[in-house]
Amino acid sequence: MDEIYYVIQNSDGDTTVRTCTKEEILKEINEGEIGDVLTQILNSDTNYWGESVLIIKGRMVAPKAEKVITKYNID
């Protein structure tokens, strides 16, 4: 399975999140389509990022419901 990267960026007040392969990201960087890349999140509001891009490597996860039962006993 290929490694997945999530590219998060803001443009004109709209935040976009897209998935890319490593090769796609490197191509975009080399062609100048991706400019400044953030190395830390300075502000959680992407409107303050300017044209900077955040790249996250990994996979999405979702919590799974678990059935939990509490049983009480008394002597």
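Numbering follows our numbering, with no gaps: position 19 of the sequence shown is 20.
Note that CB positions come from ideal geometry on N, CA and C, so glycine has one too.
Residue environment, residue i, which counts as buried when at least 16 other CB atoms sit within 10 Å
i, result
"residue 10", "buried"
"residue 35", "buried"
"residue 47", "buried"
Inter-residue CB distance, residue i and residue j (contact presumed, cutoff 8 angstroms)
i, j, result
"residue 37", "residue 54", "7 angstroms"
"residue 77", "residue 4", "It is not possible to answer for residue 77, since the shown part of the chain is limited to 2 through 76."
"residue 26", "residue 8", "7 angstroms"
Nearest-angstrom Cα separation, counted from residue j out to residue i
i, j, result
"residue 43", "residue 49", "9 angstroms"
"residue 75", "residue 67", "26 angstroms"
"residue 23", "residue 6", "7 angstroms"
"residue 15", "residue 45", "14 angstroms"
"residue 60", "residue 21", "12 angstroms"
"residue 70", "residue 12", "48 angstroms"
Run of the alpha helix (DSSP H) containing residue i, from where it starts to where it stops
i, result
"residue 9", "Note, residue 9: premise wrong, no alpha helix (DSSP H); beta strand (DSSP E) at 6 to 12."
Boundaries (first-last residue) of the beta strand (DSSP E) holding residue i
i, result
"residue 26", "Residue 26 -> not in any beta strand (DSSP E); alpha helix (DSSP H) instead, spanning 23 to 31."
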